[in-house]
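Numbering (UniProt numbering), first residue to last: 1 to 313.
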Amino acid sequence: MGVPGLTEVMEVINDVHRKYADPRTKDWFMLFSNPVPVWLLTAAYLGFVMWLGPRLMRDRKPFSLQTFMVVYNIGLVIMSVYMFVELLLSTSAAGYKWLCSPYNENTWKNPLEQRVANILWYYTISKAIELLDTVLMIMRKKDSQVTFLHLFHHSTMLNIWWWVQTFIPGGQSWFSACLNCLVHVVMYLYYGLAVIPALRDKLWWKKYITTFQLVQFVITLSHTVYTYMSGCDFPLWGQYMLMGYMVLMLVLFGNFYVQSYIKKKSHCQHRKKTDSLSTRYANGSEHVANGSNGHINGNLKDHPHVNGAIKRN
Numbered sequence: 001m002g003v004p005g006l007t008e009v010m011e012v013i014n015d016v017h018r019k020y021a022d023p024r025t026k027d028w029f030m031l032f033s034n035p036v037p038v039w040l041l042t043a044a045y046l047g048f049v050m051w052l053g054p055r056l057m058r059d060r061k062p063f064s065l066q067t068f069m070v071v072y073n074i075g076l077v078i079m080s081v082y083m084f085v086e087l088l089l090s091t092s093a094a095g096y097k098w099l100c101s102p103y104n105e106n107t108w109k110n111p112l113e114q115r116v117a118n119i120l121w122y123y124t125i126s127k128a129i130e131l132l133d134t135v136l137m138i139m140r141k142k143d144s145q146v147t148f149l150h151l152f153h154h155s156t157m158l159n160i161w162w163w164v165q166t167f168i169p170g171g172q173s174w175f176s177a178c179l180n181c182l183v184h185v186v187m188y189l190y191y192g193l194a195v196i197p198a199l200r201d202k203l204w205w206k207k208y209i210t211t212f213q214l215v216q217f218v219i220t221l222s223h224t225v226y227t228y229m230s231g232c233d234f235p236l237w238g239q240y241m242l243m244g245y246m247v248l249m250l251v252l253f254g255n256f257y258v259q260s261y262i263k264k265k266s267h268c269q270h271r272k273k274t275d276s277l278s279t280r281y282a283n284g285s286e287h288v289a290n291g292s293n294g295h296i297n298g299n300l301k302d303h304p305h306v307n308g309a310i311k312r313n
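Written as structure tokens, this is what we have:
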């Protein structure tokens, strides 16, 4: 007996897959002609980081994992550099243009397109590897870093790229992946170096990573809007999905930037100003109480005016 509604959904997906999936990639690892394995991986990921992981770590000390963290993050830097360069080289060899790279049934027949599909598959695999980001946060008891934005972004990227790699592993799909790889070079380099205590205070570009991400979303959205407006031969559903996701990312990452940097900076400045005024007031009161203002000599309690003021208060 199937889950109500799920059987119908799977029938629709299987029908769409049979008619429109790219014959070169549809059976590759992590694609499997079916989104269920990716759904199960996503469910396991969310179950661990939202319930099982915190439960297991509740009475345990956080793991350091310094060596593993350095190796893991630098490994992702190397992978991101490779994918960025290979996307540029493979798309150039296939004759891609920056503003419009078509994808249709003829794309499948071009042997030069196989190289593009291969590197986009590596990019899809990287989205599964990056789920470890959150697992490591849980093991190190960095629960405050596990935000809705973090979970939503990691979960959706993996699932979105199942659809992209299954149905449109070429054409305009390369642009957003290439730009994202460049951002990840900077981001994972920061994460890898930040684990080393001696370097932590010397890393000044954390704030600019979020800025770089926002710029990435603006460029990708603009590029996709141009794709739509110019009538570039690329599936419309792919354009709609990417435009919608970029708008959502701008809202979520924009809110994170405002909360983390603009409001936090304003709060710190206000607190610093308040602390400064409090210190000045306290210092002034201390001078008066000690009779060191140059106008009061002797013991304050014997001075008639001061003593009267104290009594009135």
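From the three backbone atoms N, C-alpha and C, an ideal C-beta is built for every residue, glycine too.
| Check | Outcome |
| --- | --- |
| Quick check on the burial criterion: 16 or more other C-beta atoms within 10 angstroms. Buried or exposed for K127? | buried |
| Tell me whether L277 is buried or exposed, calling it buried when 16 or more other Cβ atoms sit within 10 Å of its Cβ. | Annotation note: pLDDT 49 at L277 (below 50); position unreliable, no value reported. |
| Who are the Cβ neighbours of Y122 in its own chain at under 7 Å, not counting the five residues just before and after it? | M83 |
| If you reduce the DSSP assignment to three classes, tell me which class M187 lands in. | helix |
| Buried or exposed, going by whether 16 or more other CB atoms sit within 10 Å of the CB of Y226? | exposed |
| For E130, tell me which candidate among S80, F234, Y257 has the shortest Cα-Cα distance. | S80 |
| Would the beta-carbon of W174 fall within 8 Å of that of L120? | yes |
| Helix or strand or just coil, what does DSSP make of E130? | coil |
| Going by beta carbon distance, what residues of the same chain come within less than 7 Å of Y188, once the five residues before and after it are set aside? | N73, L76, V77, S80 |
| For the ligand SAM, is there a heavy atom less than 7 Å away from the beta-carbon of Y123? | Among the ligands in the structure shown, none appear at all, so the ligand SAM cannot be discussed. |
| Is the number of C-beta pairs between the region 209-229 and the region 161-176 that are closer than 8 Å three or more? | yes |
| Would you mind stating whether D22 and P169 have Cβ atoms separated by less than 8 Å? | yes |
| If we ignore side chains and look at the alpha-carbon of each, how far apart do G5 and I13 end up? | 13 Å |
| Ordered along the chain, which non-local residues of its own chain (more than five positions away) have a Cβ less than 7 Å from that of H184? | L76, S80 |
| State buried or exposed for Q172, treating a residue as buried only when at least 16 other CB atoms are found within 10 Å of its CB. | buried |
| Indicate the three-state DSSP secondary structure (helix, strand or coil) for N180 in the structure shown. | helix |
| Thinking just about the alpha-carbon of each residue, which of Y191, R200, T134 is nearest to the one in Y45? | T134 |
| To which residues of the same chain is residue 393 closer than 7 Å at the C-beta, ignoring the five residues directly before and after it? | Nothing about residue 393 can be reported from this structure: the residues present for the chain run from 1 to 313 only. |
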